[in-house]
Each structure stands twice: as C-alpha cells, then as structure tokens.
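Here the structure is laid out as structure tokens; the discussion comes afterwards.
2 protein chains.
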Amino acid sequence: MTGSHTLAETEARVENRLSHMQLDFEAMAVMSNLFRAASAVRNHFERNVLAPSGLSWTAFVVLWVTWIWEPAETREIAGEAGISKATLTGVLSTLEKRGLAMRSRSADDGRLVLVTLTPEGEKLMADLFPKFNKQEVEVVAPIATGQRVALADMLRAITAKLDG
Amino acid sequence: MTGSHTLAETEARVENRLSHMQLDFEAMAVMSNLFRAASAVRNHFERNVLAPSGLSWTAFVVLWVTWIWEPAETREIAGEAGISKATLTGVLSTLEKRGLAMRSRSADDGRLVLVTLTPEGEKLMADLFPKFNKQEVEVVAPIATGQRVALADMLRAITAKLDG
DNA sequence: TCGAGATTGTTTGGATACGAACAATATAGA
DNA sequence: TCTATATTGTTCGTATCCAAACAATCTCGA
C-alpha cells in the first residue's frame with residue numbers, strides 16, 4: 001500500500017538526502033505518518049467496507065454526516081465532510097440518483113438546501129456503520145488501550161489549531 | 001474548515017444519536033480525528049504553501065518522492081504517494097507539461113519508466129520544501145515536545161498493521 | 001421600500017482519482 | 001526455443017475535487 005520501501009527505509013533515505021538542509025525532521029515525521037496513516041486507513045475502508053455497497057469514501061462521509069445531523073444543510077455537510085460545496089453538489093446528485101439521499105428547499109431560507117436520507121439510505125447506514133465501526137476497532141488495535149484517548153486528543157489539537 | 005459545529009459538539013451529537021448501537025466510541029473518535037486532522041492539514045498546506053506554485057497536493061507528493069528516490073520507478077512513486085498507477089500516469093503528464101519532471105525508459109527493463117526532476121523541478125523543490133517544513137513545525141506546535149515521537153509512532157503502527 | 005452587499009447552491013473547466021481492460025515486456029519451465 | 005504466466009505503464013470510462021463565476025435569495029440600512 002505504502003510502496004515497496006519500508007517506513008524506516010524511507011525515513012532513513014529522507015534523513016540522508018536532506019540532512020544538510022536545516023529541517024525539523026521530527027515535525028516532518030509526524031506529518032508524514034499522519035498522511036500515510038490516513039491514506040492507508042481510507043484505502044482499507046474503501047476496499048473492505050465500502051466497495052461492496054458501491055460507495056466512495058466521500059459518499060459515505062456525506063451519508064454519515066447527513067445521518068447524524070438530519071435534516072442537514074449543505075454548507076454544514078460540506079464543512080463536516082471536509083469537501084468544497086462544489087464537490088458536494090456532485091456527490092449529492094450521485095446519492096440522489098442512487099436513491100440514498102434527498103434534497104429539499106428550506107421553507108425559512110430560500111437559498112438553503114436541506115438534505116435527508118431516504119428510507120433506503122437509512123437502512124444502508126444502519127447496516128453499514130456497525131461494520132465500519134468493527135473495522136475501526138481493528139485499525140486502532142495496535143494502539144495500547146491507555147493511549148487511544150491521548151492519540152485522539154493530539155489529533156484534535158492539530159485540527160483545532162488550523163480551524164480556529 | 002471543519003464546519004460550523006465544534007468538534008466537541010459533533011462528538012456529543014454522535015454519541016447521542018448512536019448511543020443505542022453498541023459501538024466502540026473510542027475507536028470511532030480516534031479514526032474521526034485522524035481524518036479531520038489529515039484533511040485540515042492538507043487543506044492548510046494546499047492553500048498556504050502549494051497554491052502559490054500552482055501545485056496540487058498530489059503533484060507535490062509525487063515531486064517529493066521523486067526528489068528523494070530519483071531516479072524513481074513509477075510503481076515506487078505510486079506506492080509511496082498512496083495513489084494508483086492510473087492516477088500517477090495523469091499526474092506525471094501534468095508535471096511533464098509544466099516542465100518539472102521527466103519520464104525515461106529503463107535500459108534494464110523495457111517495462112519500467114524512470115522519473116527524474118528537471119532542473120526547474122529541482123529548483124522548485126529546493127525552494128518549496130523548507131517552506132513546507134516550516135509549516136509542518138507550526139502544525140505540530142500544539143503537541144508537547146515530548147509527545148511528538150509517540151504520536152508519530154502510533155500513526156506508524158496503524159499504517160504498519162494495514163500495509164503489513 | 002428599495003437597493004447595495006452578503007450568503008448559498010449550482011455550473012464550468014480543468015485536474016485528480018480509481019478499477020478494469022489493454023499492449024508491451026520480462027520470466028519461468030518444458 | 002517456445003510458451004504460459006506475471007509485471008508494468010497506459011488508456012478508457014466514470015466519479016470526485018476545487019476555484020471562480022454565476023444566479024437566486026436574504027439582510028440591513030437609508
């Protein structure tokens with residue numbers, strides 16, 4: 001998934017190739033491993049949990065956010081899902097075409113579009129999310145029980161700094 | 001960036017909405033924050049570091065891997081960058097069109113394509129990467145100095161489990 | 001009431017993203 | 001030498017993905 005090189009191999013090569021450059025290698029390692037982990041986990045979920053349902057990662061996240069906040073405003077969904085509103089327009093059209101989500105105009109504010117799940121969408125999420133969570137447990141398994149909260153906190157701190 | 005809701009707000013809502021479902025909320029929080037952090041950091045880098053050079057995130061990662069492993073085989077780059085070989089074909093074409101990277105056939109193995117940076121590509125990376133690393137330092141700043149290695153290690157452990 | 005400015009979702013154009021099918025090349029065994 | 005099998009990068013079709021431009025709608029002050 002991450003290529004033919006070991007992680008240690010890659011980091012050693014980076015250190016060697018850039019050692020003359022006055023860089024913070026510790027910060028580099030944190031960021032590098034953040035993206036590797038996110039990418040590996042995402043690929044894992046796409047192939048093992050989402051693919052059987054024909055859902056892309058983003059489509060699933062959009063369904064999930066809608067599930068939690070229903071009825072959800074599109075600006076809300078885009079923010080929570082970390083995608084642009086332009087992207088959301090396309091994803092929502094796909095989800096509507098598949099009969100999993102529905103758009104409706106807000107009565108209060110004619111500019112807003114509200115999104116809800118169809119019964120079929122509800123059923124899919126009720127079936128899919130427990131499977132998803134089972135895999136989350138698997139993925140987190142290598143982290144010592146006592147450290148998972150600390151890991152979540154550190155990641156939250158990074159997000160908070162940038163979103164603040 | 002992450003939407004109009006606070007992280008705490010969202011997690012509370014999730015807990016409330018799904019509390020009847022027998023889920024591992026700790027694992028969920030770790031995964032959720034992993035993707036939030038990765039997404040927030042990526043957006044931050046795209047807008048503040050990469051956009052001025054007209055580079056996409058993936059284009060930058062491909063340049064970076066090439067920079068480190070030059071001459072790099074495409075399968076190697078795709079693996080390290082976490083993208084499919086089909087995607088890499090397109091990105092490499094873009095980079096060639098912009099005069100930042102070059103393809104060449106391997107003499108040893110006619111199937112392989114080797115990638116190197118052009119002088120212009122070299123110059124761009126030599127200029128860009130220190131700026132990139134400066135932002136990496138900023139992003140990691142909220143993490144206590146003594147915990148950064150632990151954070152990198154935990155992320156590495158997650159990746160290792162999935163790539164193993 | 002009315003009009004300038006802000007906000008929202010969509011469209012547009014171009015780049016990224018993947019799986020599957022493909023042609024070219026290499027490798028192994030008979 | 002020959003041939004079945006494997007590997008590699010590209011092509012194809014379709015779905016994201018984003019910034020910028022856009023039309024519709026709201027807000028707020030004069």
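Sequences listed follow chains D and A, in order. Under the UniProt record's numbering, think of the first position of the first sequence as 1, with each following residue one higher. Under the UniProt record's numbering, think of the first position of the second sequence as 1, with each following residue one higher. Think of the CB as a built atom: it goes at the ideal place given N, C-alpha and C, for glycine as much as any other residue. Only a predicted model underlies this, so the values are computations on that prediction, with no experimental measurement involved.
#1: Buried or exposed for M21(A), going by 16 or more other Cβ atoms inside 10 Å?
#2: For a contact meaning CB atoms closer than 8 Å, what does E15(A) contact in chain D?
#3: Counting only runs that start and end within the region 86-163 of chain D, where is the beta strand (DSSP E) found for 3 or more residues in a row?
#4: Where does G90(D) land, buried or exposed, given buried means 16+ other C-beta within 10 angstroms?
#5: Would E119(A) count as contacting chain D if we go by Cβ distances under 8 Å?
#6: Tell me whether the beta-carbon of T66(A) lies closer than 8 Å to the beta-carbon of A101(A).
#7: Would you kindly work out how many angstroms separate the C-alpha atoms of T6(A) and A38(A), rounded to a whole number?
#8: Can you find the residues in the same chain that come closer than 8 Å, C-beta to C-beta, to T58(D), ignoring five residues on each side of it along the sequence?
#9: Going along chain D in order, which residues have a C-beta closer than 8 Å to the C-beta of A27(A)?
#10: Please list the partners that A157(D) has in chain A, where partner means a Cβ-to-Cβ separation under 8 Å.
#11: So K161(A) contacts chain D; which residues on that side make the cut at Cβ distance below 9 Å?
#12: What residues from chain A crowd round D24(D), counting only those whose CB sits closer than 9 Å?
#13: How about the region 137-152 of chain D and the region 118-132 of chain A: do they share at least three Cβ pairs that are nearer than 8 Å?
#14: Would E113(D) count as contacting chain A if we go by Cβ distances under 8 Å?
#15: State buried or exposed for A152(D), treating a residue as buried only when at least 16 other CB atoms are found within 10 Å of its CB.
#16: Closer than 8 Å is the cut-off here; do at least three beta carbon pairs connect the region 27-34 of chain D with the region 134-143 of chain A?
#17: When the distance is taken between beta carbons, is G99(A) closer than 8 Å to V63(A)?
#18: Would P130(A) pass as an interface residue toward chain D - the criterion being a Cβ-Cβ separation below 8 Å?
#19: Consider the Cβ of H20(A): report whether some Cβ of chain D lies at a distance smaller than 8 Å.
#20: Going by alpha carbons, who is nearest to V49(A) out of R105(A), E15(A), D109(A), E136(A)?
#21: Residues in its own chain within less than 6 Å of T116(A) by CB, not counting five upstream and five downstream?
#22: What did DSSP end up calling E70(D) once you bin it into helix, strand or coil?
#23: Using a Cβ-Cβ distance under 8 Å, would A101(D) count as near chain A?
#24: Using a beta-carbon distance below 8 Å, is E80(A) in contact with chain D?
#25: Check whether chain A comes within 8 Å of A37(D), counting only Cβ atoms and requiring the distance to be less than that.
#26: According to the Cβ coordinates, are L114(D) and S104(D) closer than 8 Å?
#27: In this structure, how does DSSP classify G79(D) when only helix, strand and coil are distinguished?
Let's see:
#1: Position 21 of the second sequence, counted from the first residue, corresponds to residue 21(A). M21(A) should be labelled exposed.
#2: To locate residue 15(A), count along the second sequence from 1; it is residue 15. Residues of chain D passing the Cβ test: none, with the nearest at roughly 10 Å.
#3: 101-105, 113-117
#4: Position 90 of the first sequence, counted from the first residue, corresponds to residue 90(D). The residue in question, G90(D), is exposed, as its Cβ has fewer than 16 Cβ neighbours within 10 Å.
#5: One-based indexing of the second sequence puts residue 119(A) at position 119. Rather than Glu, the amino acid found at residue 119(A) in this sequence is Pro. No, because no Cβ of chain D sits closer than 8 Å to the Cβ of P119(A).
#6: By 1-based counting over the second sequence, the position of residue 66(A) is 66. By 1-based counting over the second sequence, the position of residue 101(A) is 101. Cβ atoms of T66(A) and A101(A): closer than 8 Å.
#7: As a working mapping, residue 6(A) is identified with position 6 in the second sequence. As a working mapping, residue 38(A) is identified with position 38 in the second sequence. The straight-line gap from Cα to Cα measures roughly 17 Å.
#8: The residue labelled residue 58(D) in the question sits at position 58 within the first sequence. The answer, listed in chain order, is A81, I83, T87, V91.
#9: Indexing the second sequence from 1 puts residue 27(A) at position 27. Those within 8 Å of A27(A) in chain D are N133, E136, V137, V139, V140, R148.
#10: For this step, residue 157(D) is matched to residue 157 along the first sequence. P142, I143, listed in chain order.
#11: Taking the second sequence and counting its residues from 1, one reaches residue 161(A) at position 161. Per Cβ cutoff of 9 Å: A40, E138, V139, A141, P142.
#12: Locating residue 24(D) in the first sequence gives position 24, counting from the first residue. Near D24(D) (Cβ distances below 9 Å), the residues of chain A are N133, K134, E136, V137, V140.
#13: Contact fails: fewer than three Cβ-Cβ distances are below 8 Å.
#14: To locate residue 113(D), count along the first sequence from 1; it is residue 113. Per the sequence shown, residue 113(D) should be read as Val rather than Glu. By this cut-off, V113(D) is not an interface position.
#15: The sequence position of residue 152(D) within the first sequence is 152, counting from 1. Answer is buried; the Cβ neighbour count reaches 16.
#16: Result yes; three or more Cβ-Cβ pairs closer than 8 Å.
#17: Position 63 of the second sequence, counted from the start, is the residue given in the question as residue 63(A). Position 99 of the second sequence, counted from the start, is the residue given in the question as residue 99(A). In the sequence as displayed, the identity of residue 63(A) is Leu instead of Val. Contact: no.
#18: Position 130 of the second sequence holds residue 130(A). True, the Cβ-Cβ gap to chain D drops below 8 Å.
#19: Looking up residue 20(A) in the second sequence gives position 20. For H20(A), the answer is no, since every Cβ of chain D falls outside 8 Å of its Cβ.
#20: Along the second sequence, one-based indexing puts residue 49(A) at 49. Relative to V49(A), the option among R105(A), E15(A), D109(A), E136(A) whose CA is nearest is E136(A).
#21: Your numbering for residue 116(A) matches position 116 in the second sequence. Only E70, P71, M102 meet the Cβ criterion.
#22: Looking up residue 70(D) in the first sequence gives position 70. DSSP places E70(D) in coil when its eight states are reduced to three.
#23: For the purposes of this step, residue 101(D) is identified with residue 101 of the first sequence, where counting begins at 1. No - not a single Cβ of chain A is within 8 Å of the one on A101(D).
#24: Start at 1 with the first residue of the second sequence, and residue 80(A) comes out as number 80. Taking Cβ atoms only, chain D reaches closer than 8 Å to E80(A), which makes this a yes.
#25: Taking the first residue of the first sequence as position 1, residue 37(D) is located at position 37. True, the Cβ-Cβ gap to chain A drops below 8 Å.
#26: Translated into the one-based positions of the first sequence, residue 114(D) becomes position 114. Translated into the one-based positions of the first sequence, residue 104(D) becomes position 104. In contact: L114(D) and S104(D) (Cβ atoms closer than 8 Å).
#27: The count along the first sequence starts at 1 and reaches residue 79(D) at position 79. Residue state, collapsed to three classes: helix.
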